[in-house]
Amino acid sequence: MKVIPAIDLKSGQCVRLQKGDYGTVHKVAEDAVETAQRFLAAGATLIHMVDLDAAKDGGHANYDVVERVIRETGATVELGGGIRTMADVETVLGLGVPRVIIGSAAVRDPAFVMQAVKTYGDKIVIGVDARSETVRTDGWLGDSGENYISFAERMESYGVKNIIFTDIDKDGMLAGPNFDQLAALRASVSCKLVASGGVSTLEDIRQLKKLGIEGAIAGRAVYTGTLDLAAAIREAAL
1 MKVIPAIDLK
11 SGQCVRLQKG
21 DYGTVHKVAE
31 DAVETAQRFL
41 AAGATLIHMV
51 DLDAAKDGGH
61 ANYDVVERVI
71 RETGATVELG
81 GGIRTMADVE
91 TVLGLGVPRV
101 IIGSAAVRDP
111 AFVMQAVKTY
121 GDKIVIGVDA
131 RSETVRTDGW
141 LGDSGENYIS
151 FAERMESYGV
161 KNIIFTDIDK
171 DGMLAGPNFD
181 QLAALRASVS
191 CKLVASGGVS
201 TLEDIRQLKK
211 LGIEGAIAGR
221 AVYTGTLDLA
231 AAIREAAL
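All residue numbers for the sequence shown refer to the working numbering, where the first residue is 1 and numbers rise by one.
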């Protein structure tokens with residue numbers, strides 16, 4: 001199992017939200033490069049980055065920060081937020097990002113997912129962001145009405161090999177992941193699953209391992225010190 005620290009970007013700054021609410025945005029670190037270097041020093045082998053501005057409006061104002069993180073630290077990065085077309089995928093890959101996360105566009109444009117997976121294989125990751133068991137879109141502001149399990153099963157049928165599942169109500173709350181929903185998802189699909197939202201203790205890591213979850217994204221807990229990243233990485237590797 002892999003622990004993946006997160007860097008969320010808004011207006012070029014490292015920030016965190018609570019439950020995806022843009023009204024709760026607050027800066028958690030001064031510099032994305034320094035933050036990435038700290039994560040790498042703790043043993044991280046992959047960094048999860050989200051462009052919150054792009055998720056909301058489709059702009060690419062934070063791409064220079066992403067490119068700088070990769071160039072100056074050598075980090076392996078996965079990036080999500082506002083990736084809606086094949087041109088977007090190609091632009092992100094051109095930054096040096098090997099894993100591209102498609103979220104809202106996967107709900108609205110299944111043909112895009114199928115084309116992306118056919119072209120780029122397991123470089124494509126699908127973000128399944130759920131609240132009250134339905135998949136949310138547009139920076140989590142819209143409700144697709146589709147059940148998260150049926151959506152994940154549909155994505156797997158398109159050839160998707162990697163899914164990041166986020167329980168929005170857990171995100172940024174330091175209250176633990178939604179183990180019940182993750183267990184139901186694990187029982188329904190065979191692709192690799194990464195848990196996001198609420199991961200905050202070593203016990204969370206142990207429980208996710210027991211469920212057969214392949215990865216855990218750690219955000220706010222790492223910045224507050226609630227979760228020791230190096231210890232979490234060691235626990236996940238046991």
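C-beta: ideal position from N, C-alpha, C; glycine also.
T45 sits in coil when the DSSP states are folded into three classes, being neither helix nor strand.
Per DSSP, the beta-bridge partners of Q13 are K10. Straight through space, the alpha carbons of D228 and S157 are spaced by roughly 37 Å. K56 has no beta-bridge partner at all, per DSSP. In this structure A106 touches V113 by the C-beta definition: roughly 5 Å separates them, less than 8 Å. Pairwise C-beta distances place the stretch 84-94 out of contact with the stretch 23-37, as fewer than three of them are shorter than 8 Å. Beyond the five residues adjoining it in sequence on each side, Q115 comes within less than 8 Å, by CB distance, of M86 in the same chain, given in chain order.
Secondary structure within the stretch 109-188: the alpha helix (DSSP H) runs of 4 or more consecutive residues, fully enclosed, are 110-120, 148-157 and 179-186 (chain order). Per the C-alpha coordinates, the member of G127, D109 and G145 positioned closest to R99 is G127. Put simply, of G159, K210 and I4 the residue whose alpha carbon is nearest the alpha carbon of D122 is G159.
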